[in-house]
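Notes for the one structure printed next.
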Amino acid sequence: MGDVLRVSERTALGMHAMVLLSEANGALSSGTMAERLRASQAHLSKVLERLASAGLVESRRGAGGGYRLAKPAGKIVLLDVYEALEGSPRRDGCLFASPVCDGGGCILGDRIERARRDVQKALATTTLAQAVARQRRS
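So the sequence shown is numbered by the working numbering: it starts at 37 and just counts up by one.
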């Protein structure tokens, strides 16, 4: 189970790969993406396999092959990518892997849960196309 307040290297790599694919004219090889992202091709290939299993990317072998988005960038929300790589987000407010309390006496009160909900809502309502457009403006 993932925690939207913590993003693993795998998820960061997957999000960036999805951006590259959304900007590509045609398919990109895992080697090309790994080079652009300065990442291990083996690690990226595993990430791309998970994204393919989730129906977010598709791959083709041979000349002109590689990876491409399985559906338009406007139809993919960032939470889809997150869940494909991390699983369903946690629903409790505790930052500890094994919660110590029931949350009622938490020293941070409900701030962590509010932050988690805000991040999850942002991921659920932001499409890949919107994220790419925002990146281009900045």
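Glycine included, every Cβ here is placed at the ideal spot set by N, Cα and C.
In this chain, Gly67 is not harboured by any beta strand (DSSP E); it is covered by the alpha helix (DSSP H) spanning Ser66 to Leu73. In the three-state DSSP reduction, Ser124 falls in the coil class, being neither helix nor strand. Pairing Ile148 with Asp116, the inter-Cα distance amounts to about 22 angstroms. At a Cβ-Cβ threshold of 8 angstroms, Gly123 and Val83 do not count as neighbours. Under the three-state reduction of DSSP output, Gly102 falls in the strand class.
Closest in C-alpha terms to Gln171, from the list Val55, Leu114, Arg74 and Pro125, comes Val55.
The residue among Thr163, Arg97 and Ala120 with its C-alpha nearest the C-alpha of Ser44 is Ala120. Residue environment analysis places Leu64 among the buried positions, since at least 16 neighbouring C-beta atoms fall within 10 angstroms of its C-beta. If you draw a 10 Å sphere on the C-beta of Ser66, you find 16 or more other C-beta atoms in it, and that means buried. Leu73 is a Cβ neighbour of Leu80, given a cutoff of 8 angstroms. Nearest C-alpha to Tyr118 among Ala53, Leu159 and Ala167: Leu159. At the C-beta level, Leu164 and Ala109 come within 8 angstroms of one another. For Val93, the three-state secondary structure derived from DSSP is strand.
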